[in-house]
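**Q** Before I ask anything, let me first share the structure, which is written out below as structure tokens.
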Amino acid sequence: MFYEMLANLPKNEQRQSYAIVSNTLVEAPNINDFLLKIIKAIIHTQKSIKFPLRLYK
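Under the working numbering, the first residue of the sequence shown carries the number 2, and numbering increases by one thereafter.
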């Protein structure tokens with residue numbers, strides 16, 4: 002939801018954004034797989050629309 006909100010901002014209001022992704026090792030494997038899938042989708046979309054976002058694991 003956070004990414005969608007930022008990505009929908011007008012270009013003149015977009016600023017470099019950062020997201021930290023961490024695995025606390027308490028998530029079920031299917032949740033971890035889901036998060037990795039979402040991260041890959043965000044990275045792919047972010048590059049194609051040239052959105053200023055950096056993800057750190």
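Even for Gly, the Cβ is constructed at its ideal location relative to N, Cα and C.
Take Ile40 as the anchor and find which of Leu10, Ser23, Lys51, Val27 has the nearest alpha-carbon.
**A** Taking the first residue of the sequence shown as position 1, residue 40 is located at position 39. Among Leu10, Ser23, Lys51, Val27, the Cα nearest to that of Ile40 is on Ser23.
**Q** In the DSSP assignment, find the unbroken beta strand (DSSP E) run with Ala20 in it and report its ends.
**A** As a working mapping, residue 20 is identified with position 19 in the sequence shown. Its beta strand (DSSP E) spans residues 18-21.
**Q** Alpha carbons only, please: which of Thr25, Asn13, Ser18 is nearest the one belonging to Gln47?
**A** Here the question's residue 47 lines up with position 46 in the sequence shown. Nearest of Thr25, Asn13, Ser18 to Gln47, Cα basis: Ser18.
**Q** Which partner residues does Leu54 have in the DSSP bridge list?
**A** Counting from 1 along the sequence shown, the entry for residue 54 is found at position 53. In the DSSP output, where bridge partners are listed per residue, Leu54 has Ser18.
**Q** Tell me the rounded alpha-carbon separation between Ser49 and Ile43.
**A** Residue numbering aside, residue 49 sits at position 48 when the sequence shown is read from its first letter. Residue numbering aside, residue 43 sits at position 42 when the sequence shown is read from its first letter. Near 10 Å, if we compare the C-alpha coordinates of Ile43 and Ser49.
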